[in-house]
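For the sequence shown, our numbering begins at 28 and goes up steadily by one.
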Amino acid sequence: MPLTKEQLDISTRNIYTALDVLGGKWKIKILGQVYFHKKLRFNDLIKAIPGISNKVLSQQLKELERDGIVLKEESQDESKIVFYMLSKKGNSINPILTALCNWAGDNYY
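Structure, rendered in structure tokens:
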């Protein structure tokens, strides 16, 4: 049964919103690293994502934090080490990341 115009409009809007929040060259790569490692420092992300600059990573993390996808946690000791992890909303993306991994594996490797 084909979608009604209203259902199609809602689906299109939802896809556009998801792409606005998760789109771009780096966000899925960042989320994939945080997803697989659970908790990462900024420098760990720089090392894990070839080609990303400090400035771009910082900007992307701020956007992901603003959108409620990533949490920033500062250690309580004197070192003030900052860790990034997925929020509850970010963890809800896990099935999408798994599906992307499976899709790439099935179609490109």
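C-beta: ideal position from N, C-alpha, C; glycine also.
Cβ-Cβ distance between valine 97 and valine 48 below 8 Å = Residue mapping note: residue 97 aligns to position 70 of the sequence shown, counting from 1. Residue mapping note: residue 48 aligns to position 21 of the sequence shown, counting from 1. No.
query = How is the beta strand (DSSP E) around glutamate 26 delimited, first residue to last?
reply = In the structure as shown, the chain starts at 28 and stops at 136, and residue 26 therefore has no counterpart that could be examined.
request  = Give the range of the alpha helix (DSSP H) segment to which isoleucine 37 is assigned.
outcome  = By one-based count along the sequence shown, residue 37 stands at place 10. Here the alpha helix (DSSP H) through isoleucine 37 covers 32–49.
inquiry  = Given a cut-off of 8 Å on the beta-carbon distance, is the pair methionine 112 and lysine 66 in contact?
reply    = Your numbering for residue 112 matches position 85 in the sequence shown. Your numbering for residue 66 matches position 39 in the sequence shown. It is a contact, given that the beta carbons lie within the stated cut-off.
query = Taking the continuous alpha helix (DSSP H) assigned at aspartate 94, which residues delimit it?
reply = Here residue 94 corresponds to residue number 67 of the sequence shown, with the count starting at 1. First-last for aspartate 94: undefined, no H or E at that position.
inquiry  = For a quick check, are the C-beta atoms of serine 119 and glycine 95 less than 8 Å apart?
reply    = The residue given as residue 119 occupies position 92 in the sequence shown. The residue given as residue 95 occupies position 68 in the sequence shown. Contact: no.
ask   = Leaving out five residues before and five after leucine 91 in sequence, what residues of the same chain have Cβ atoms less than 6 Å from its Cβ?
value = Along the sequence shown, one-based indexing puts residue 91 at 64. Excluding residues within five positions, the ones whose Cβ falls inside 6 Å are Val97.
ask   = If you draw a straight line from the alpha carbon of tyrosine 135 to that of serine 106, how long is it in whole angstroms?
value = What you label residue 135 is simply residue 108 of the sequence shown in a count that begins at 1. What you label residue 106 is simply residue 79 of the sequence shown in a count that begins at 1. Whole-angstrom Cα-Cα distance: 43 Å.
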